[in-house]
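Working notes, structure below.
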Amino acid sequence: MVDYYKYRVYPFNVEQFSMALAVKNLPVFLLVLLLPLLAFCDEKQVYIVYLGEHSGVKTFTEIEENHYSYLFSVKKTVEDAKSSLIYSYKSSINGFAALLTPDEASKLSEIEEVVSVLRSHPTKYSLQTTRSWEFAGLQEGSKGFQLKENLLMKSSYGKNIIVGMLDSGVWPESKSFSDEGMGPYPSSWKGICQSGDAFNSSNCNKKIIGARYYIKGYEAYYGSLNRTLDYRSPRDKDGHGSHTASTVGGRRVHNVSALGGFARGTASGGAPLVRLAIYKVCWAIPGQGKENGNTCMTEDMLAAMDDAIADGVDVLSISIVTRDPVPYNEDGIAIGALHAIKKNIVVACSAGNLGPAPATLSNVAPWIITVGASSIDRIFLAPVVLGNGMKIEGQSVTPYKLEKKMYPLVYAAQIVNPDVSKDISGQCLPGSLSPKAAKGKIVLCLRGNGTREGKGWEVKRAGGIGFILGNSKANGAEIVASAHFLPAAAVNYEYALKILDYINSTKTPMAYIAPATTELDSKPAPFMAVFTSRGPSRISPHILKPDITAPGLNILAAWSEASSPTKLNQDHRVVKYNILSGTSMSCPHIGATSALLKAIHPSWSSAAIRSALMTSGILTPFVQHFLGLVASIFQYSRTFSPCSGTD
Numbered sequence: 001m002v003d004y005y006k007y008r009v010y011p012f013n014v015e016q017f018s019m020a021l022a023v024k025n026l027p028v029f030l031l032v033l034l035l036p037l038l039a040f041c042d043e044k045q046v047y048i049v050y051l052g053e054h055s056g057v058k059t060f061t062e063i064e065e066n067h068y069s070y071l072f073s074v075k076k077t078v079e080d081a082k083s084s085l086i087y088s089y090k091s092s093i094n095g096f097a098a099l100l101t102p103d104e105a106s107k108l109s110e111i112e113e114v115v116s117v118l119r120s121h122p123t124k125y126s127l128q129t130t131r132s133w134e135f136a137g138l139q140e141g142s143k144g145f146q147l148k149e150n151l152l153m154k155s156s157y158g159k160n161i162i163v164g165m166l167d168s169g170v171w172p173e174s175k176s177f178s179d180e181g182m183g184p185y186p187s188s189w190k191g192i193c194q195s196g197d198a199f200n201s202s203n204c205n206k207k208i209i210g211a212r213y214y215i216k217g218y219e220a221y222y223g224s225l226n227r228t229l230d231y232r233s234p235r236d237k238d239g240h241g242s243h244t245a246s247t248v249g250g251r252r253v254h255n256v257s258a259l260g261g262f263a264r265g266t267a268s269g270g271a272p273l274v275r276l277a278i279y280k281v282c283w284a285i286p287g288q289g290k291e292n293g294n295t296c297m298t299e300d301m302l303a304a305m306d307d308a309i310a311d312g313v314d315v316l317s318i319s320i321v322t323r324d325p326v327p328y329n330e331d332g333i334a335i336g337a338l339h340a341i342k343k344n345i346v347v348a349c350s351a352g353n354l355g356p357a358p359a360t361l362s363n364v365a366p367w368i369i370t371v372g373a374s375s376i377d378r379i380f381l382a383p384v385v386l387g388n389g390m391k392i393e394g395q396s397v398t399p400y401k402l403e404k405k406m407y408p409l410v411y412a413a414q415i416v417n418p419d420v421s422k423d424i425s426g427q428c429l430p431g432s433l434s435p436k437a438a439k440g441k442i443v444l445c446l447r448g449n450g451t452r453e454g455k456g457w458e459v460k461r462a463g464g465i466g467f468i469l470g471n472s473k474a475n476g477a478e479i480v481a482s483a484h485f486l487p488a489a490a491v492n493y494e495y496a497l498k499i500l501d502y503i504n505s506t507k508t509p510m511a512y513i514a515p516a517t518t519e520l521d522s523k524p525a526p527f528m529a530v531f532t533s534r535g536p537s538r539i540s541p542h543i544l545k546p547d548i549t550a551p552g553l554n555i556l557a558a559w560s561e562a563s564s565p566t567k568l569n570q571d572h573r574v575v576k577y578n579i580l581s582g583t584s585m586s587c588p589h590i591g592a593t594s595a596l597l598k599a600i601h602p603s604w605s606s607a608a609i610r611s612a613l614m615t616s617g618i619l620t621p622f623v624q625h626f627l628g629l630v631a632s633i634f635q636y637s638r639t640f641s642p643c644s645g646t647d
């Protein structure tokens, strides 16, 4: 899931300040105070000028000339106007993105034909499966699968439905994107396969029928892409885009697993014969590690959605979210989705990963299917045995194993360097642990600041032999699996407290972490993921959101071989499939199910498909697992039931 920010136009009158500066005897300190404000007024930034929809009578050339005319009205020269244009949205969305000063943007916002002016801002996303579809009853051999009535059979596995993916690109060599046995492109497809770094037309096939990338907005803000950080092409260097695309429409691939052999089985997307159209809109952030996410610029996303509508997609799956929701006419995803809906394109979006706090939802426009995240019934057991004989339930997907014996156990706060603040001393942040004190020990670290994987790396750096990650109170009993660099186990909040009590009760605490195994039929399932954002909507509190909940915890899917399983710079391991968690993972489950419904009912409107998914969802006591309470309608709505929404 991706986060992005929007800001209202800030009206600022340059002439008034210029006159003020001309006043005689103006104190020098006031001049110093005003100069930064004047610099702000002259600083060019990217703004999106939204004009509504096209009349349908103008050519692309006429549309672009019309967009230039708005720029001519605020720019000093024709050359300045032309050089400032970044995108001209011509297909369905009527508007343009341009480099403007705040004063120029303010003037444009006052023009009657202008609906809204959005300031672009770099956006951070939590970019924020083998078992999930079987758990949902959508694979042969799963509980509830009835061959004659099954959604997959009825829909011909999504054959010839086109799903557009706005994300970080795709790793086309993955077996999940094989086109073996697939027929020609659908005649409705009008898109292209755009060449770039390590990507050309041969990387598209009958599965990946189109691929584009959008970088003008990114480069307007950050400058030219550093090609050691990302590919200037549709190729995925992050992994997130390949993961979501294969969750929607990956082919069936037998005997796949995550690092270490976990979650082994047959990987398949929910709609294995859909066609995929890739729109890369998310890029590496300069100066930051990939584990901290990518950025997706509003103007790039709008250009992608405008093209996707013209290309002929049937469904859009968008695992990108806002951190701070804004009014619909200032929300780029909401604007693009509205135009897609008018063309009968279903749009599914992530709800966000800012739970468990209330009113944290993103993508709350009523025409969007807003998707929360829940668990499946698969866990990865890695028991922790304490020196007093107590056995603690832990989970892990690390491939590394300890020799079966007891090892010294220590709490991170007891072995930190002297300069580490007390309030973060137990969190194993980078450089915090003393190698002399950590060497040869199993270290208990608590969640909080920093990434789960980064904490494991810090223990390894300091010479620790094993790693126990204890949940905070907010995380409760939910365990998110990670591929750590050393033997590891994650434990819930209650167990973390018990381990701490044991450490404090003896002079020589000891422990052993058993090798992890994959276990099915875990109960309760499904339960609400702690991280999934909750309602009510801050923009429209009278509209219940999220609309539906789908699997998003510990989901296995295809991965980029240019990215490690943890995305940390220190991690040089290569995997073909990886386990991720987030509403970024639940959203493509709904995208795939929407595609299957489209195949069965081509005459259904996007609103009808949204209604079918929501009304056929299972309404049962849905445990908020982190507290053991029953979830409310502001937290999950209903959990999806893909085989129940066909009629």
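In UniProt numbering, the protein residues as written are 1 to 647. For glycine and all other residues, C-beta sits at the position ideal for the given N, C-alpha and C.
Would you please state the rounded distance, in angstroms, between the beta carbons of I555 and M528? I believe it to be under 8 Å. Actually they are not in contact, since the Cβ atoms of I555 and M528 sit about 15 Å apart, beyond 8 Å.
If we count Cβ pairs, one from each stretch, closer than 8 Å, do we get three or more for the stretch 362 to 373 versus the stretch 212 to 232? no
Using the C-alpha atoms, what's the distance from P122 back to L37? Any reading at L37 is ruled out, since the residue's pLDDT is 43, under 50, leaving its predicted position unreliable.
Assuming Y214 contacts A334 under a Cβ cut-off of 8 Å, what Cβ separation, rounded to an integer in Å, is found between them? Rounded, the Cβ-Cβ distance is 18 Å, inconsistent with contact.
Per-residue DSSP class, three states only, for Q471: Looking at the sequence shown, residue 471 is not Gln but Asn. If DSSP states are grouped into helix, strand and coil, N471 belongs with coil.
When the Cβ atoms of the stretch 307 to 323 are set against those of the stretch 176 to 190, are three or more pairs found closer than 8 Å? yes
Relative to the C-alpha of S92, which candidate in S195, N344, A198 has its C-alpha closest? Comparing Cα positions, the closest option is N344.
Among L402, D236, G183, whose alpha-carbon lies nearest the alpha-carbon of E561? D236
Quick one: give me the first and last residue of the beta strand (DSSP E) that N578 is part of. 577 to 580
Where the beta strand (DSSP E) containing K107 begins and where it ends: K107 -> not in any beta strand (DSSP E); alpha helix (DSSP H) instead, spanning 102 to 109.
Give me the Cα-Cα distance between G426 and V410, rounded to the nearest whole angstrom. 10 Å
Measure the C-alpha to C-alpha separation of S317 and G289 and round it to an integer number of angstroms. 26 Å
Close Cβ partners of A340 (< 7 Å) along its chain, the five nearest in sequence each way excluded: For A340, same chain residues with a beta-carbon under 7 Å away, outside a window of 5 residues either side, are M305, I309, L316, V347 in chain order.
C-alpha distance - K498 paired with A382, whole-angstrom precision: Spanning the alpha carbons of K498 and A382 requires a straight line of approximately 17 Å.
So the candidates are L433, E478, G476, S482; which of them puts its Cα closest to the Cα of R461? L433
Just to confirm, is the Cβ distance from I600 to S268 under 8 Å? no
How long is the line joining the alpha carbons of K473 and Y493, rounded to whole angstroms? In a straight line, the C-alpha of K473 is about 6 Å away from that of Y493.
First through last residue of the alpha helix (DSSP H) which encompasses I600: 583 to 600
Assign M153 to one of two classes, buried (16 or more other C-beta atoms within 10 Å of its C-beta) or exposed (fewer than that). exposed
Burial state of A595 (16 or more Cβ within 10 Å): buried
Quick one: what does DSSP say H121 is sitting in, helix, strand or coil? coil
C-alpha distance - C193 paired with S88, whole-angstrom precision: 20 Å
For the structure I just gave you, are there three or more beta carbon pairs, one from the stretch 241 to 250 and one from the stretch 261 to 279, closer than 8 Å? yes
From this set, Q414, I579, N504, which residue's C-alpha is nearest P435's C-alpha? The option with the nearest alpha carbon to P435 is Q414.
With the cut-off set at 8 Å, would you say P546 and A483 are in Cβ contact? For the pair P546 and A483, the CB atoms are not nearer than the 8 Å cut-off.
Start and end residues, alpha helix (DSSP H) containing S69: For S69, the enclosing alpha helix (DSSP H) begins and ends at 60 to 72.
W283 - partner residues in DSSP beta bridges: T295
Check this for me: beta carbons of M165 and G217, under 8 Å apart or not? no
Expressed to the nearest angstrom, what Euclidean distance is found between the alpha-carbon atoms of A490 and I465? Rounded to the nearest angstrom, the two C-alpha atoms are 15 Å apart.
For the stretch 96 to 114 against the stretch 68 to 83, are there 3 or more C-beta pairs whose distance is under 8 Å? yes
Between N353, G352, R264, S84, which lies nearest to Y221 when the distance is taken from Cα to Cα? S84
If I follow the unbroken alpha helix (DSSP H) through R461, where does it start and stop? 452 to 461
So what's D167 in DSSP terms, helix, strand or just coil? Strand, per DSSP.
Do I161 and A81 have their beta-carbon atoms positioned less than 8 Å apart in this structure? For the pair A81 and I161, the CB atoms are not nearer than the 8 Å cut-off.
What's the call for G287, buried or exposed, on a 16-neighbour Cβ count within 10 Å? exposed
Taking buried to mean at least 16 other C-beta atoms within 10 Å of its own C-beta, is G454 buried or exposed? buried
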